[in-house]
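Worksheet: the structure to be examined is printed underneath.
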Amino acid sequence: MMDIYYIYFFLQNVRRNGRMIDDGDTFSPKVRRWRDVFWLAIFMLHLIALGFVLVLLGLNRFKKSDRLNIDRYTNRVWEHNNGLTENYWPNYAVAGGVGAALGWIWLLLLGSHANLMMKVSVHILTTYLAVISVLCFWCKQFFWGVAFATGAALQFLYVISVVDRLPFTMLVLQKAVKMVWSLPEVMRVAYAFMAVMLLWMGIWSFGAAGVVASSRGDLGRWWLLVVLSVSLFWTGAVLCNTVHVIVSGLVFLVLIHGGRNASPMPPNPLMKSLRYAVTTSFGSICYGSLFTAAIRTLRWKIRGFRSKIGNNECLFCCVDFLFQLVETLVRFFNKYAYVQIAVYGKGFNRAARDAWELFQSTGVEALVAYDCSGAVLLMGTVLGGLITGTCAGVWTWMTWCDRVIMVGSTAMLMGMVLVGLAMVVVESAVTSIYICYAEDPLLIQKWDPQFFNQMSEKLHQRLQHRSALAREILTQNQHDTRMQDIFHL
Numbered sequence: 006m007m008d009i010y011y012i013y014f015f016l017q018n019v020r021r022n023g024r025m026i027d028d029g030d031t032f033s034p035k036v037r038r039w040r041d042v043f044w045l046a047i048f049m050l051h052l053i054a055l056g057f058v059l060v061l062l063g064l065n066r067f068k069k070s071d072r073l074n075i076d077r078y079t080n081r082v083w084e085h086n087n088g089l090t091e092n093y094w095p096n097y098a099v100a101g102g103v104g105a106a107l108g109w110i111w112l113l114l115l116g117s118h119a120n121l122m123m124k125v126s127v128h129i130l131t132t133y134l135a136v137i138s139v140l141c142f143w144c145k146q147f148f149w150g151v152a153f154a155t156g157a158a159l160q161f162l163y164v165i166s167v168v169d170r171l172p173f174t175m176l177v178l179q180k181a182v183k184m185v186w187s188l189p190e191v192m193r194v195a196y197a198f199m200a201v202m203l204l205w206m207g208i209w210s211f212g213a214a215g216v217v218a219s220s221r222g223d224l225g226r227w228w229l230l231v232v233l234s235v236s237l238f239w240t241g242a243v244l245c246n247t248v249h250v251i252v253s254g255l256v257f258l259v260l261i262h263g264g265r266n267a268s269p270m271p272p273n274p275l276m277k278s279l280r281y282a283v284t285t286s287f288g289s290i291c292y293g294s295l296f297t298a299a300i301r302t303l304r305w306k307i308r309g310f311r312s313k314i315g316n317n318e319c320l321f322c323c324v325d326f327l328f329q330l331v332e333t334l335v336r337f338f339n340k341y342a343y344v345q346i347a348v349y350g351k352g353f354n355r356a357a358r359d360a361w362e363l364f365q366s367t368g369v370e371a372l373v374a375y376d377c378s379g380a381v382l383l384m385g386t387v388l389g390g391l392i393t394g395t396c397a398g399v400w401t402w403m404t405w406c407d408r409v410i411m412v413g414s415t416a417m418l419m420g421m422v423l424v425g426l427a428m429v430v431v432e433s434a435v436t437s438i439y440i441c442y443a444e445d446p447l448l449i450q451k452w453d454p455q456f457f458n459q460m461s462e463k464l465h466q467r468l469q470h471r472s473a474l475a476r477e478i479l480t481q482n483q484h485d486t487r488m489q490d491i492f493h494l
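In terms of our numbering, the sequence shown opens at residue 6 and continues consecutively.
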């Protein structure tokens, strides 16, 4: 049965594409067009303008209160505050150091203890969120206590809803780690981008420390910090997805050629992938980074709850409506677009749409929907951010206890960005594996025959499950229709 199914799946894929993957189509010597240039311009202008504002905000409180006389223009709500930028900047330096250390440790232990670290992330995150919630209540920060308690509850419910998927997820992650570990240049790319991010965070934290030290009211400080945090999130996402594109292009080439040391491998594949990522494809990366992470996280949560609703039809209808809405967005904003961007140089929306249509036409979408590898890696990223925020928050509490939440929450975001730069190398390998499996299953079979059989078997099971579910729904609808006809009679 397995062989028959595979032959059908393979032929269907060949008919759709009209051909197998041709090396000449990937990283071709033809000049690539610049894509999504508008978003590239917006991102660069945002960086320049924000960098200028950050320097002003930091200098205004550096060694002298209100040095540039900015406070009188900012907010009508004043409070007596003689804080200086250098009072809080070292706390952010701690956050940057802890976040970078966690990211580097993750990369160093990737080959030997990656599976253990991912399991720890899944099972400890709920407890860590609950502990931080208790600490917030103890410090009389009730809003944050409720927020972290809600996060702990949602995390617990999500893990319960997907616990049956974790074995397959861990299998996929193990194979992705195997692929990444065989490419040492990937680690160097991650280290380099973490260093770039640390340099930008030095400027960003200088301005954030100036905001925390300012004489504005709490509301004014929080609004400014929210704006700065959104900017840092976008910048961090752009760097993460740039690494994603670089690594995806390299992994795709390795899978096409059957190994890192295969003779037909083109020269300097890393430099080609890097050049495309930071030039012609950078606008697409900037565009996708604005929306992809938020939509993907929302989809995971809704999908997890949807699978555990049971027979509550009213609740199911509401959640299903949200699910269909998010599924529509996923068609145009998904992480698999970055593989298409890396390999074919497409614009972001077209790349996302082509990737999703490829999955749906081949049936691999059932496997992608079942896999939770992205969620597991996100849990590790959040845990790293929480540890970073805790370290910075504890030091702030010992010196400036009224600024603990401000410094701790922004430090948490810094930690998440830095740890995310380490995590994304594995996620890039996962996305490339799925795209290759949908394009040409023989690529995965040539790379790892046992893994190919496991993926094919799981895909067969998921398609059977969907088919049975569709029959059940059809039978139920027919039964409801007959009952309505009888009632009208």
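Even glycine gets a Cβ: it sits at the ideal position worked out from N, Cα and C.
#### Entry: Host alpha helix (DSSP H) of D359 (start-end)
Translated into the one-based positions of the sequence shown, residue 359 becomes position 354. Element bounds for D359: F353 to T367.
### Message
Below 8 angstroms on the Cβ atoms is my contact criterion, and I expect V185 with V431 to pass it. Report the Cβ-Cβ distance as a whole number of Å.
### Response
Within the sequence shown, numbered from 1, the residue matching residue 185 stands at position 180. Within the sequence shown, numbered from 1, the residue matching residue 431 stands at position 426. With 8 angstroms as the limit, V185 and V431 qualify as a contact, their Cβ atoms being about 6 angstroms apart.
### Query
D223: buried (16+ other C-beta within 10 angstroms of its C-beta) or exposed?
Position 218 of the sequence shown, counted from the first residue, corresponds to residue 223. Per the 10 Å Cβ criterion, exposed.
### Task
Can you tell me the Cβ-Cβ gap for A434 and V256, rounded? I've got them flagged as a contact below 8 angstroms.
Counted from its first residue, the sequence shown places residue 434 at position 429. Counted from its first residue, the sequence shown places residue 256 at position 251. Correct: roughly 5 angstroms between the Cβ atoms.
### Message
For R66, which residues in the same chain have their Cβ closer than 6 angstroms to its Cβ, ignoring the five residues on either side in sequence?
### Response
Reading the sequence shown from its first residue, position 61 is the one you call residue 66. Result list for R66: L89, T90, G215 and A218, in chain order.
### Message
Using C-beta distances below 6 angstroms, list every residue in its chain close to S236, excluding the 5 sequence neighbours before and after it, in chain order.
### Response
Within the sequence shown, the letter at position 231 stands for residue 236. Result list for S236: L55, in chain order.
#### Entry: Boundaries of the alpha helix (DSSP H) in which K124 is found, first to last residue
Locating residue 124 in the sequence shown gives position 119, where the first residue counts as 1. K124 -> alpha helix (DSSP H) spans L115 to W143.
### Query
Once you ignore the five residues that flank M421 on each side, which residues in its own chain have a CB closer than 6 angstroms to its CB?
Start at 1 with the first residue of the sequence shown, and residue 421 comes out as number 416. Within the same chain, M421 has close Cβ partners T386 and G390.
### Buried/exposed call for S220, threshold 16 Cβ in 10 Å
Counting from 1 along the sequence shown, the entry for residue 220 is found at position 215. Counting Cβ neighbours within 10 Å, S220 comes out buried, since at least 16 surround it.
### Message
Between which residues of its own chain and R476 is the CB-CB distance below 6 angstroms, once the five residues before and five after are set aside?
### Response
One-based indexing of the sequence shown puts residue 476 at position 471. Excluding positions up to five away in sequence, the list is empty.
### Message
Is it buried or exposed, L244, if we count other Cβ atoms within 10 angstroms and call 16 or more buried?
### Response
The residue you call residue 244 lines up with position 239 of the sequence shown. By the 10 Å Cβ count, L244 comes out buried.
### Query
Using the C-alpha atoms, what's the distance from L121 back to F142?
Counting from one through the sequence shown, the residue named residue 142 turns up at place 137. Counting from one through the sequence shown, the residue named residue 121 turns up at place 116. Taking the straight line joining both Cα atoms gives about 32 angstroms.
### Task
Tell me where the alpha helix (DSSP H) around S234 begins and ends.
On the sequence shown, residue 234 is found 229 positions in, with the first residue counted as 1. Where S234 is concerned, the enclosing alpha helix (DSSP H) stretches over D223 to H262.
### Task
For the alpha helix (DSSP H) holding A377, just list the boundary residues, first then last.
Residue mapping note: residue 377 aligns to position 372 of the sequence shown, counting from 1. Note that residue 377 is Cys in the sequence shown, not Ala. Segment: none, C377 is in no alpha helix (DSSP H) and carries neither H nor E.
### Task
Evaluate contact between the stretch 360–375 and the stretch 146–157, counting only Cβ atoms and requiring at least three cross-stretch pairs below 8 angstroms.
no
### Message
With the cut-off set at 8 angstroms, would you say G254 and A347 are in Cβ contact?
### Response
On the sequence shown, residue 254 is found 249 positions in, with the first residue counted as 1. On the sequence shown, residue 347 is found 342 positions in, with the first residue counted as 1. Cβ distance < 8 angstroms, so G254 and A347 count as in contact.
### Query
So which of V250, V125, V103 and A181 has the shortest CA-CA distance to D376?
Here residue 376 refers to the residue found at position 371 of the sequence shown. Nearest of V250, V125, V103 and A181 to D376, Cα basis: A181.
#### Entry: Per-residue DSSP class, three states only, for S437
Your numbering for residue 437 matches position 432 in the sequence shown. Looking at S437 - three-state DSSP - the assignment turns out to be helix.
### Message
Helix, strand or coil, according to DSSP, for R476 in the structure here?
### Response
As a working mapping, residue 476 is identified with position 471 in the sequence shown. DSSP places R476 in helix when its eight states are reduced to three.
### Query
Apart from the five residues just before and just after V344, which ones in its own chain have a Cβ nearer than 6 angstroms to its Cβ?
As a first step, residue 344 must be located in the sequence shown, where it is residue number 339. So the list reads S253, T436, S437 and I440, once near-sequence residues are dropped.
#### Entry: Run of the alpha helix (DSSP H) containing Y343, from where it starts to where it stops
Residue numbering aside, residue 343 sits at position 338 when the sequence shown is read from its first letter. Note, Y343: alpha helix (DSSP H), A342 to Y349.
### Task
Please name the residue in S286, K68, H128 and G293 whose C-alpha comes closest to that of G241.
Here residue 241 corresponds to residue number 236 of the sequence shown, with the count starting at 1. The residue with the shortest Cα to Cα distance from G241 is G293.
### Query
If we ignore side chains and look at the alpha-carbon of each, how far apart do V58 and W402 end up?
Within the sequence shown, numbered from 1, the residue matching residue 58 stands at position 53. Within the sequence shown, numbered from 1, the residue matching residue 402 stands at position 397. Going by the C-alpha atoms only, they are around 27 angstroms apart.
### Task
Pick helix, strand or coil for G56, following the three-state DSSP scheme.
Here the question's residue 56 lines up with position 51 in the sequence shown. Three-state result, G56: helix.
### Query
Near G288, what residues of its chain come up, given a Cβ to Cβ distance below 6 angstroms and the 5 sequence neighbours on each side ignored?
Reading the sequence shown from its first residue, position 283 is the one you call residue 288. Answer for G288: R40, D41, V42, W44 and L45, listed in chain order.
### Same chain, Cβ closer than 7 angstroms to L230, five either side skipped, listed in chain order
Here residue 230 is taken as the residue at index 225 of the sequence shown, counted from 1. So the list reads A213, V216, M411 and T415, once near-sequence residues are dropped.
### Coil, strand or helix - L171 by DSSP
As a first step, residue 171 is located in the sequence shown; it is residue number 166 there, counting from the start. Residue state, collapsed to three classes: helix.
### Query
Using the beta-carbon count (16 or more within 10 Å), is D445 buried or exposed?
Position 440 of the sequence shown, counting from 1, holds the residue named residue 445. The residue is buried, with at least 16 neighbouring Cβ atoms inside 10 Å.
### Message
Using a Cβ-Cβ cutoff of less than 6 angstroms, which residues in the same chain neighbour C406 once the five nearest sequence positions on both sides are dropped?
### Response
To locate residue 406, count along the sequence shown from 1; it is residue 401. Contacts found: none.
### Message
Quick check: what's the CA-CA separation for P271 versus L423?
### Response
Here residue 271 refers to the residue found at position 266 of the sequence shown. Here residue 423 refers to the residue found at position 418 of the sequence shown. When rounded, the distance between both Cα atoms is 31 angstroms.
### Query
Exposed or buried, which one is K277 when buried takes at least 16 other CB atoms within 10 Å?
On the sequence shown, residue 277 is found 272 positions in, with the first residue counted as 1. With 16 or more Cβ atoms within 10 Å of its Cβ, K277 is classed as buried.
#### Entry: Buried/exposed call for L474, threshold 16 Cβ in 10 Å
By 1-based counting over the sequence shown, the position of residue 474 is 469. Classification of L474: exposed, given that the 10 Å Cβ count is below 16.
### Query
By DSSP, does L279 sit in helix, in strand, or in coil?
Along the sequence shown, one-based indexing puts residue 279 at 274. Helix, per DSSP.
### Query
Who are the Cβ neighbours of A199 in its own chain at under 8 angstroms, not counting the five residues just before and after it?
The count along the sequence shown starts at 1 and reaches residue 199 at position 194. At residue 199 the sequence reads Met, which differs from the Ala that was named. Here the set comprises A105, G108, W109, L423, L426 and A427.
#### Entry: Alpha carbon of W83 to alpha carbon of S70, nearest angstrom
Mapped onto the sequence shown, residue 83 falls at position 78. Mapped onto the sequence shown, residue 70 falls at position 65. With a pLDDT of only 49 at W83, under 50, the local geometry of the prediction cannot be trusted, and the value read off the model is given with reservation. Approximately 14 angstroms between the Cα atoms of the pair.
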